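Taking it in order: structure first as structure tokens, then the write-up.
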Amino acid sequence: ASALLFSAGIGVGLVGFGLFFLLFGVLLYFDSVLLAFGNLLFLSGLVFIIGFRRTFTFFFQRPKLKGTSFFFGGLVVVLMRWPILGMLLEVYGFITLFRSFFPVAFGFLGSLANIPLLSQVRGAGDPSGL
1 ASALLFSAGI GVGLVGFGLF FLLFGVLLYF DSVLLAFGNL LFLSGLVFII GFRRTFTFFF
61 QRPKLKGTSF FFGGLVVVLM RWPILGMLLE VYGFITLFRS FFPVAFGFLG SLANIPLLSQ
121 VRGAGDPSGL
């Protein structure tokens, strides 16, 4: 059990560094090396957190193949040093992959803090979300 906890801790660190490098790469005018490194760290951290088999089955489910192809296609385009086009493809793939997760995340954030925009998004479909 402690080995799984240690592996998940490493995964969270890798995902955190991956997001940092992605943000830093965007801030430095789409530096392709930083973006590629951030992508690789993010994906390897995801593998450490949920495991290789679950990561593979998440990305290659039949309904998610469109998002997966755009996400990995964007990763390849970033590695070929076309960072702006690659990041646009990756963002579209990310949104397509995690489309079902966004309402859950917005609802959770809206319940934590009184953020007007998130409260409106949550309250639009839920009459009890006043």
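If you count by UniProt numbering, then the sequence shown holds residues 1 to 130, one letter each, in order. Backbone N, C-alpha and C define an ideal beta-carbon position, used for all residues, glycine too. Just so it is clear, the structure is predicted and the values come from calculations on it, not from any experiment.
Check for me: the alpha helix (DSSP H) holding residue i runs from which residue to which?
{"i": "residue 83", "result": "83 to 97"}
{"i": "residue 64", "result": "That residue, residue 64, is in no alpha helix (DSSP H); it is neither H nor E in DSSP."}
{"i": "residue 40", "result": "32 to 50"}
{"i": "residue 28", "result": "Neither: residue 28 is in no alpha helix (DSSP H) and is coded neither H nor E."}
Would you identify the three-state DSSP class for residue i, choosing helix, strand or coil?
{"i": "residue 100", "result": "coil"}
Note down the Cα distance separating residue i from residue j, rounded to an integer number of angstroms.
{"i": "residue 6", "j": "residue 44", "result": "15 Å"}
{"i": "residue 31", "j": "residue 13", "result": "22 Å"}
{"i": "residue 2", "j": "residue 58", "result": "25 Å"}
{"i": "residue 33", "j": "residue 78", "result": "8 Å"}
{"i": "residue 85", "j": "residue 98", "result": "20 Å"}
{"i": "residue 64", "j": "residue 29", "result": "30 Å"}
{"i": "residue 129", "j": "residue 81", "result": "Caution applies to residue 129, whose pLDDT of 47 falls short of 50 and renders its modelled position unreliable; the model cannot decide the point."}
My understanding is that residue i touches residue j, with C-beta atoms under 8 Å, so please give their C-beta distance in whole angstroms.
{"i": "residue 90", "j": "residue 71", "result": "6 Å"}
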